[in-house]
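Visitor: Residue numbers (the working numbering): 250 to 710.
1) If you measure from the beta carbon of residue 660 to each beta carbon in chain B, is any gap under 9 Å?
2) Would you list the one or two residues that DSSP bridges to residue 398?
3) Flag this pair as yes or no: are the beta carbons of residue 580 and residue 493 separated by less than 9 Å?
4) Could you tell me if residue 668 is buried or exposed, where buried requires 16 or more neighbouring beta carbons within 10 angstroms of its beta carbon?
5) Looking at C-alpha atoms only, which residue of 359, 450 and 473 is the closest neighbour of residue 422?
6) Give the single residue among 319, 573 and 613 whose Cα lies nearest to the Cα of residue 451.
7) Considering only C-alpha positions, which residue in the set 329, 485, 271 and 587 is nearest to residue 496?
8) Just confirm the distance between the C-beta atoms of residue 389 and residue 411, as a whole number of angstroms; I'd bet it's less than 8 Å.
9) Give me the DSSP bridge partner(s) of residue 418.
10) Going by CA-CA distance only, name the one from 543, 438 and 404 that's closest to residue 294.
11) Just checking, does the segment 424–436 make contact with the segment 347–363 on the three C-beta pairs under 8 Å criterion?
12) Among residues of its own chain, excluding the 5 on either side of residue 343, which ones have a beta-carbon nearer than 7 Å to its beta-carbon?
13) So is residue 300 buried or exposed if we call it buried at 16+ other beta carbons inside 10 Å?
14) Measure the C-alpha to C-alpha separation of residue 404 and residue 398 and round it to an integer number of angstroms.
15) Using CA atoms only, rank isn't needed, just tell me which of 393, 392 and 373 is closest to residue 384.
16) Here's the rule: buried if 16 or more other CB atoms are within 10 angstroms of the residue's CB, otherwise exposed. What is residue 592?
17) For the alpha helix (DSSP H) containing residue 367, list its first residue and its last residue.
18) How many Å lie between residue 472 and residue 258 at the Cα?
19) From this set, 687, 692, 530 and 396, which residue's C-alpha is nearest residue 714's C-alpha?
20) With H, G and I counted as helix, E and B as strand and the rest as coil, what does DSSP make of residue 710?
21) Where do the N-terminal and C-terminal ends of the alpha helix (DSSP H) with residue 530 fall, by residue?
22) Determine whether the beta carbon atoms of residue 595 and residue 501 lie at a separation below 9 Å.
23) Do you know whose CA, among 379, 361 and 623, lies nearest residue 420's CA?
24) Quick one: which unbroken alpha helix (DSSP H) runs of 4-plus residues sit fully inside the segment 571–612? Chain order, please.
25) Specify the secondary structure class of residue 258 as computed by DSSP and reduced to three states.
26) Between which two residues does the beta strand (DSSP E) containing residue 360 stretch?
27) Do you know whose CA, among 336, 310 and 337, lies nearest residue 330's CA?
28) Can you name, in chain order, every residue of its own chain whose Cβ lies under 6 Å from the Cβ of residue 377, other than the five neighbours on each side?
29) Which of the three DSSP states is assigned to residue 389 in this structure?
30) For residue 505 versus residue 625, is the C-beta distance shorter than 9 Å?
31) Mind checking whether the beta-carbon of residue 676 lies closer than 8 Å to any heavy atom of the ligand FAD?
32) Name the two residues that bound the continuous beta strand (DSSP E) containing residue 346.
33) If you follow the beta strand (DSSP E) that residue 229 is in, where does it begin and where does it stop?
34) What residue range is occupied by the uninterrupted alpha helix (DSSP H) comprising residue 446?
35) Less than 9 Å separating the beta-carbons of residue 539 and residue 574?
36) In terms of DSSP beta bridges, what is residue 382 paired with?
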């Protein structure tokens with residue numbers, strides 16, 4: 250069915266390979282923090298377990314292992330602990346008190362014996378089958394041994410007075426002892442799941458948007474840190490990439506077509522800027538406009554006098570004022586790179602036979618420029634896809650220079666505090682943005698490049 254829709258087939262093929270690349274990026278993110286002896290839970294517990302009792306620390310560690318998908322669980326979802334074994338491979342056991350259903354110790358009666366093993370006998374009152382004490386009645390005798398008489402209230406006659414005397418018996422003494430049972434000694438650390446099981450749990454969490462918990466800001470989720478940082482990064486990257494690409498291509502095409510004094514001045518400046526690293530240009534701007542002239546702030550995204558971001562004029566003005574240096578530390582370099590590439594491609598297109606033929610036909614200048622721009626722009630789309638990674642990296646370094654609260658600063662803070670979970674989440678988000686942007690560029694190339702269209706219609710890939 251897809252043979253009838255070559256463009257759809259092309260998009261699905263590209264989407265498959267980009268998805269596979271994303272899975273590889275997730276696998277790398279999963280593997281790197283686990284190459285050493287420590288795992289993410291041990292790192293968090295080293296910082297979060299201070300001041301906790303042993304039982305509280307145990308429960309917290311179990312909860313973290315479940316959250317990270319690192320523990321092996323039983324059928325009830327409880328963390329599994331392996332038994333301790335001795336040198337012979339036998340399970341180590343200890344004697345513990347047996348408990349009843351209410352959690353109280355169970356007791357039993359134990360017969361007493363002396364040092365020679367003979368029963369210790371004691372005299373005690375005899376009891377019947379119901380457990381009631383047994384008594385016997387005996388007449389009360391006076392000093393002469395004669396029965397003492399008393400009046401019976403019922404018969405009004407004198408009868409011999411009797412008394413109840415406990416019936417005693419000699420039995421072996423006994424005491425209550427706690428019932429003890431053998432209990433297997435378990436290891437202090439829970440049993441970890443296999444690496445493959447952990448990976449599938451991790452990749453499942455990633456597709457659900459769960460990137461774990463930050464070690465340095467525990468228990469703050471990494472996704473919250475990214476949500477707070479990503480808008481600032483997009484505020485720097487989106488305008489610089491889009492405007493740099495559009496304006497750079499326009500200026501490059503104009504310089505190639507007009508030549509003259511504009512090209513002689515513009516081209517050397519563009520070549521010089523194209524060779525300057527982002528962070529070097531950013532530091533030069535800070536040294537000149539912040540430190541020397543004092544025109545613009547050297548770091549931050551808005552004034553410290555603003556307690557929180559709102560849509561009022563003072564806040565917007567402060568955001569724009571602090572935005573100027575970070576924006577212009579990236580924008581001219583991106584513009585110059587696109588302009589030099591577009592100039593070279595436009596000069597090539599102007600020397601082709603179809604351009605000469607168009608001039609001989611007397612086509613108007615605007616039409617010729619549109620043909621030059623369109624055909625020279627197609628390789629620039631490919632160049633845009635290839636340079637997105639370096640653009641993203643340059644913008645992140647710019648954030649670090651200006652302490653701009655984007656992904657770059659979040660990663661720098663995470664690196665300083667060994668917060669692997671946040672580093673993982675930020676790098677994965679950056680990789681995802683680059684993959685999505687490259688996929689979009691590939692689709693645009695297929696739409697606008699007639700050579701790709703022709704190849705798809707002819708059955709090419």
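Ideal placement from N, C-alpha and C gives every residue a C-beta, glycine not left out. This structure is a prediction, so every number in the text was calculated from the model and none was measured.
Guide: Put simply:
1) In the structure shown, chain B does not exist; there is a single protein chain.
2) In the chain shown, counting from the first residue as 1, residue 398 sits at position 149. Its beta-bridge partners are 409.
3) In the chain shown, the residue the question calls residue 580 occupies position 331. In the chain shown, the residue the question calls residue 493 occupies position 244. The beta carbons of residue 580 and residue 493 sit closer together than 9 Å.
4) As a working mapping, residue 668 is identified with position 419 in the chain shown. Residue 668 is buried by the Cβ-count criterion.
5) Translated into positions along the chain shown, residue 422 becomes position 173. A check of alpha carbon separations from residue 422 across 359, 450 and 473 identifies 359 as the nearest.
6) Taking the chain shown and counting its residues from 1, one reaches residue 451 at position 202. Measuring from the Cα of residue 451, the nearest candidate turns out to be 319.
7) Within the chain shown, numbered from 1, the residue matching residue 496 stands at position 247. Among 329, 485, 271 and 587, the Cα nearest to that of residue 496 belongs to 587.
8) Position 140 of the chain shown, counting from 1, holds the residue named residue 389. Position 162 of the chain shown, counting from 1, holds the residue named residue 411. About 7 Å separates the two Cβ atoms, so the contact holds.
9) Within the chain shown, numbered from 1, the residue matching residue 418 stands at position 169. According to DSSP, which records beta bridges pairwise, residue 418 is partnered with 373.
10) Translated into the one-based positions of the chain shown, residue 294 becomes position 45. Of 543, 438 and 404, the residue nearest in Cα terms is 438.
11) In short, these stretches touch, since the Cβ pair count reaches three.
12) Translated into positions along the chain shown, residue 343 becomes position 94. Once the five neighbours on either side are set aside, the close Cβ partners of residue 343 are 432 and 434.
13) One-based indexing of the chain shown puts residue 300 at position 51. Taking all protein chains shown into account, residue 300 has fewer than 16 neighbouring C-beta atoms within 10 Å of its C-beta and is therefore exposed.
14) Within the chain shown, numbered from 1, the residue matching residue 404 stands at position 155. Within the chain shown, numbered from 1, the residue matching residue 398 stands at position 149. Rounded to whole angstroms, the separation of the alpha carbons of residue 398 and residue 404 is 14 Å.
15) One-based indexing of the chain shown puts residue 384 at position 135. Comparing Cα-Cα distances from residue 384 to each of 393, 392 and 373, the minimum goes to 373.
16) Translated into the one-based positions of the chain shown, residue 592 becomes position 343. Flag for residue 592 reads buried.
17) Position 118 of the chain shown, counted from the start, is the residue given in the question as residue 367. Per DSSP, residue 367 lies in no alpha helix (DSSP H) and is assigned neither H nor E.
18) To locate residue 472, count along the chain shown from 1; it is residue 223. To locate residue 258, count along the chain shown from 1; it is residue 9. Their Cα atoms are separated by approximately 34 Å.
19) Lying before the first or after the last residue shown, residue 714 is absent from the chain, which here runs from 250 to 710.
20) As a first step, residue 710 is located in the chain shown; it is residue number 461 there, counting from the start. The predicted position of residue 710 is uncertain, since its pLDDT is 48 and thus under 50; no value can be drawn from it.
21) Numbered from its first residue, the chain shown carries residue 530 at position 281. Where residue 530 is concerned, the enclosing alpha helix (DSSP H) starts and stops at 527–534.
22) Position 346 of the chain shown, counting from 1, holds the residue named residue 595. Position 252 of the chain shown, counting from 1, holds the residue named residue 501. Between residue 595 and residue 501, the C-beta gap is smaller than 9 Å, which places the two residues in contact.
23) Here residue 420 is taken as the residue at index 171 of the chain shown, counted from 1. Among 379, 361 and 623, the Cα nearest to that of residue 420 belongs to 361.
24) Taking only runs of at least 4 residues, the alpha helix (DSSP H) segments lying wholly in the segment 571–612 are 602–609.
25) Translated into the one-based positions of the chain shown, residue 258 becomes position 9. Here residue 258 carries a helix assignment [DSSP, helix/strand/coil].
26) Here residue 360 corresponds to residue number 111 of the chain shown, with the count starting at 1. Run containing residue 360: 356–360, per the beta strand (DSSP E) assignment.
27) One-based indexing of the chain shown puts residue 330 at position 81. Per the Cα distances, 310.
28) Within the chain shown, the letter at position 128 stands for residue 377. Contacts found: 383.
29) Translated into positions along the chain shown, residue 389 becomes position 140. In the structure shown, residue 389 sits in coil (DSSP, three-state: anything other than H, G, I, E or B).
30) On the chain shown, position 256 is the one that residue 505 refers to. On the chain shown, position 376 is the one that residue 625 refers to. Contact: yes.
31) As presented, the structure is devoid of all ligands, the ligand FAD included, so that no description of it is given.
32) Along the chain shown, read from residue 1 onward, the residue named residue 346 stands at position 97. First-last of the beta strand (DSSP E) with residue 346: 342–346.
33) Since the displayed the chain opens at 250 and closes at 710, residue 229 lies outside it and no answer follows.
34) Position 197 of the chain shown, counting from 1, holds the residue named residue 446. Its alpha helix (DSSP H) spans residues 444–456.
35) On the chain shown, residue 539 is found 290 positions in, with the first residue counted as 1. On the chain shown, residue 574 is found 325 positions in, with the first residue counted as 1. Their beta carbons are under 9 Å apart, which means residue 539 touches residue 574 by this criterion.
36) By 1-based counting over the chain shown, the position of residue 382 is 133. Note: residue 382 sits in a beta bridge opposite 376.
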